[in-house]
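Asks: Just passing along the structure, written as structure tokens.
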Amino acid sequence: MPELPEVETVCRGLRPYMEGKTLKSVQAYRSNLRNPFPPLFAERLQGQKVNKIIRRGKYILVELSDYTWMMHLGMSGKIQRSLSSHYVHQKHDHVVWQVDDVTFAFNDPRRFGDMDLIPKSQVCTQVKSMAPEPFEMKAGDFYKRLQKTSRPLKTALLDQTVIAGLGNIYVCEALWQSGLSPFKTSNLITKQQAQGLLKNICEVLERAIEAGGSSLRDHRAVDGTLGYFQHHFKVYDQKGKSCPTALCSGTIKREVQSGRSTYYCTTCQKK
Ligand SMILES: [Zn+2]
């Protein structure tokens, strides 16, 4: 599932071609993805000016003249850009739009993606209760949010009201880098540990954005290039390998936690 770095990569590919431009034409080839599209979806988008493209957590928010066009990539969604004026429709292209002579296609084989149009005066409900972005989070606030739950640390970090944008991959990587157990009770974390964890979360995310995200199955930038952060995973998907921590002789273990795979080192992530 695309997480913050993958969604950021997509936004960076859209901004130079869409911001300040008008949606020349929009076609919806079905009436829903995970949820039904709003009434007259394509018609209302057509002719709207794109003011700004914002990423909030794992959401793409396209600020238009009259609406916010909310997009979520779900499990397998991607946006592909074609510079050719004769765009060839691909299988699983569900929404296609043109800006100048550039065509964009929202392609999603599994259809867990989501799109909605929110009137400008309203706040998008999906982001209303969301915690701050990791890069904007204050260490004290992060600590307080972790104090509010006795769930395991890994599960708490996947909760978008605790911190925005994280998913399975980057939580595993950041916990390893912090030497913290994914099973640690969230509200038993110390102030100092929370501060270190937040710093490592930001560091891992920054490196992943730099690498264009992680391309495990479906993620691609809008120009079709693959991210390469998967080659830098320390623990995620590394079951049975030696722990990369200096002087640690541990092995990476995979365990299912709240229905998701958790990868960690049983030796240096005991705290
Ligand atoms: Zn280790």
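Per numbering that gives the first Met the number 0, the very first residue in the sequence shown carries number 0; after that it's consecutive.
Beta carbons: idealized from backbone N, C-alpha and C, even for Gly.
Taking the runs of the beta strand (DSSP E) that are 3 residues or longer, which of them lie wholly in the segment 51-123?
Replies: Runs of the beta strand (DSSP E) inside the segment 51-123: 58-63, 66-71, 77-81, 92-98, 101-106 and 113-118.
Asks: Any heavy atom of ligand 1 closer than 8 Å to the beta-carbon of GLY249?
Replies: For the purposes of this step, residue 249 is identified with residue 250 of the sequence shown, where counting begins at 1. Yes, the beta carbon of GLY249 sits closer than 8 Å to at least one heavy atom of ligand 1.
Asks: Is the shortest distance between the beta-carbon of ALA138 and the beta-carbons of chain C less than 9 Å?
Replies: The question asks about chain C, but that chain is absent: this structure has only one protein chain.
Asks: What are the start and end residues of the beta strand (DSSP E) that includes THR8?
Replies: By 1-based counting over the sequence shown, the position of residue 8 is 9. Here THR8 belongs to no beta strand (DSSP E); instead the alpha helix (DSSP H) covers 3-17.
Asks: Compute the Euclidean distance between the alpha carbons of TRP175 and ASP140, then round it to the nearest angstrom.
Replies: Locating residue 175 in the sequence shown gives position 176, counting from the first residue. Locating residue 140 in the sequence shown gives position 141, counting from the first residue. Answer to the nearest angstrom: the Cα atoms are 22 Å apart.
Asks: Does the distance from the CB of GLY56 to the CB of GLY164 come in under 9 Å?
Replies: Stepping through the sequence shown from its first residue, residue 56 is reached at position 57. Stepping through the sequence shown from its first residue, residue 164 is reached at position 165. A contact, by the Cβ cut-off of 9 Å.
Asks: Does the Cβ of PRO37 have 16 or more other Cβ atoms within 10 Å, making it buried, or fewer, making it exposed?
Replies: Locating residue 37 in the sequence shown gives position 38, counting from the first residue. Classification of PRO37: exposed, given that the 10 Å Cβ count is below 16.
Asks: Between GLU5 and the rest of its own chain, which residues show a CB-CB distance below 6 Å, the 5 nearest in sequence each way excluded?
Replies: Locating residue 5 in the sequence shown gives position 6, where the first residue counts as 1. Only GLY212 and HIS218 meet the Cβ criterion.
Asks: Leaving out the 5 sequence neighbours to the left and right, which residues in its chain are closer than 6 Å to PHE182 when beta-carbon positions are compared?
Replies: Within the sequence shown, the letter at position 183 stands for residue 182. Hits under 6 Å: PRO151.
Asks: Can you have a look at HIS85 and say buried or exposed, based on whether 16 or more other CB atoms are within 10 angstroms of its CB?
Replies: Counted from its first residue, the sequence shown places residue 85 at position 86. It is exposed - the Cβ of HIS85 has fewer than 16 other Cβ atoms within 10 Å.
Asks: What separation, rounded to the nearest whole angstrom, lies between the Cα atoms of TRP68 and VAL87?
Replies: Along the sequence shown, read from residue 1 onward, the residue named residue 68 stands at position 69. Along the sequence shown, read from residue 1 onward, the residue named residue 87 stands at position 88. Between TRP68 and VAL87, the C-alpha separation is close to 24 Å.
Asks: Is CYS171 near ligand 1, in the sense that its beta carbon is under 8 Å from a heavy atom of that ligand?
Replies: Numbered from 1 along the sequence shown, position 172 holds the residue referred to as residue 171. No - ligand 1 has no heavy atom lying nearer than 8 Å to the Cβ of CYS171.
Asks: If we count Cβ pairs, one from each stretch, closer than 8 Å, do we get three or more for the segment 34-52 versus the segment 113-132?
Replies: At 8 Å Cβ cutoff, the stretches touch.
Asks: For the putative contact between TYR235 and GLU172, defined by C-beta atoms under 8 Å, what is the C-beta separation to the nearest angstrom?
Replies: Along the sequence shown, read from residue 1 onward, the residue named residue 235 stands at position 236. Along the sequence shown, read from residue 1 onward, the residue named residue 172 stands at position 173. Contact holds; Cβ gap of about 6 Å.
Asks: Could you check whether the Cβ of GLN237 sits closer than 8 Å to any heavy atom belonging to ligand 1?
Replies: Locating residue 237 in the sequence shown gives position 238, where the first residue counts as 1. No, Cβ of GLN237 sits at least 8 Å from all heavy atoms of ligand 1.
Asks: Tell me, to the nearest whole angstrom, how far the beta carbon of THR8 is from that of ILE208; I am working on the premise that it is less than 8 Å.
Replies: What you label residue 8 is simply residue 9 of the sequence shown in a count that begins at 1. What you label residue 208 is simply residue 209 of the sequence shown in a count that begins at 1. With a Cβ gap of about 7 Å, THR8 and ILE208 count as contacting.
Asks: What residue does the beta strand (DSSP E) around VAL170 start on, and which one ends it?
Replies: The count along the sequence shown starts at 1 and reaches residue 170 at position 171. No beta strand (DSSP E) holds VAL170; the alpha helix (DSSP H) holding it covers 167-177.
Asks: Can at least three beta-carbon pairs, one atom from the segment 104-113 and one from the segment 62-79, be found at a separation below 8 Å?
Replies: They touch, by the three-pair rule.
Asks: Please classify VAL255: does DSSP put it in a helix, a strand, or coil?
Replies: As a position in the sequence shown, residue 255 is number 256, starting the count at 1. Correct three-state label for VAL255: strand.
Asks: Confirm the yes/no value for this check: CB of THR261, any heavy atom of ligand 1, distance under 8 Å.
Replies: Here residue 261 corresponds to residue number 262 of the sequence shown, with the count starting at 1. Incorrect: THR261 has no Cβ contact closer than 8 Å to ligand 1.
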